[in-house]
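Q: In our numbering, the protein residues as written are 14 to 240. Glycine included, C-beta positions come from ideal geometry on N, C-alpha and C. Keep in mind that this is a model prediction, so the values were computed, not measured.
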Ligand code: C5P
């Protein structure tokens, strides 16, 4: 089993509400993306490592030169388009697997990555890091409110790990039907492919809003990653 890595970084971060794309915001002396790339630099990946960038992303391209094993690929309009572009670029075989990790999750822990990969190797099933929900969740449709049973609910995180060719076909199929696909697992689920949840650390947050920056810095410090 060869393992590849895709790091989607082609988003514009609409909810972040600043001029700089969120992945390039300064956090504790580096750009946010560098914290994510630095962590993955130390992870054993025997396949290729692709950073998925928007076209003409000069900042992203400038980062590539600091990470010798990293290659760049041009992404697409939605996250699923970007990931599919990365999967196509891998030109992978039937035994190849891939981990897909949001560039905007810099606090990912190496031991969580190792547990996820171990699970996939042991079971032969795709899996993702996730957290059980602690809040009570409400669904509101046309003004009508219902409550969901939180014991059944998990928040999906990344990395998500799947066989490359299965994920590529699943994403292509989902995109062809025009469905909104916000993570890899949902594309696999809709085809009935096996997907497992592996509980990950709570500090693996995705930088989404400006106020998350302070939290990211706090978690990096807690993890002993700040000088
Ligand atoms: O927008 P959101 O926070 O869900 O994006 C998650 C990840 O997907 C981010 O790392 C972002 O850069 C990436 N993305 C992408 N291509 C897009 C949209 C998002 O690579 N078109």
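Judging by CA-CA distance, which residue of 166, 127, 128 is the nearest neighbour of residue 146?
A: That would be 166, whose Cα lies nearest to the Cα of residue 146.
Q: So residue 226 and residue 40 are supposed to be a Cβ contact under 8 Å. How far apart are they, rounded?
A: With a Cβ gap of about 6 Å, residue 226 and residue 40 count as contacting.
Q: Could you tell me the distance, in whole angstroms, from the CA atom of residue 328 to the CA atom of residue 170?
A: Given that the chain is displayed from residue 14 to residue 240, the structure contains no residue 328 and the question cannot be resolved.
Q: Using 8 Å as the cut-off, classify the Cβ of residue 96 as near or not near the heavy atoms of the ligand C5P, replying yes or no.
A: yes
Q: Grouping DSSP H, G and I as helix and E and B as strand, with all else coil, what is residue 225?
A: helix
Q: In the DSSP output, what is residue 112 paired with across the bridge?
A: According to DSSP, which records beta bridges pairwise, residue 112 is partnered with 18, 174.
Q: Rounded to the nearest angstrom, how far is the Cβ of residue 37 from that of residue 86, given a contact under 8 Å?
A: Contact doesn't hold; Cβ gap of about 18 Å is too wide.
Q: Between residue 208 and residue 139, what straight-line distance do the alpha-carbon atoms span, to the nearest angstrom?
A: 5 Å
Q: Pull up the distance between the alpha-carbon of residue 118 and that of residue 65, whole angstroms please.
A: Rounded to whole angstroms, residue 118 to residue 65 spans 15 Å at the Cα level.
Q: Which term fits residue 111, buried or exposed, when burial requires 16 or more other beta carbons within 10 angstroms of its beta carbon?
A: Answer is buried; the Cβ neighbour count reaches 16.
Q: Just the C-alpha distance for residue 51 and residue 154, rounded to the nearest angstrom, thanks.
A: 42 Å
Q: Using alpha carbons as the reference points, say which of 44, 104, 121 lies closest to residue 215.
A: 121
Q: Give me the residue from 116, 177, 91, 29 with the minimum Cα distance to residue 53.
A: 116
Q: Compare the Cα-Cα distances from residue 63 to each of 43, 79, 100, 93 and report the closest residue.
A: Ranking the options by Cα distance to residue 63, first place goes to 100.
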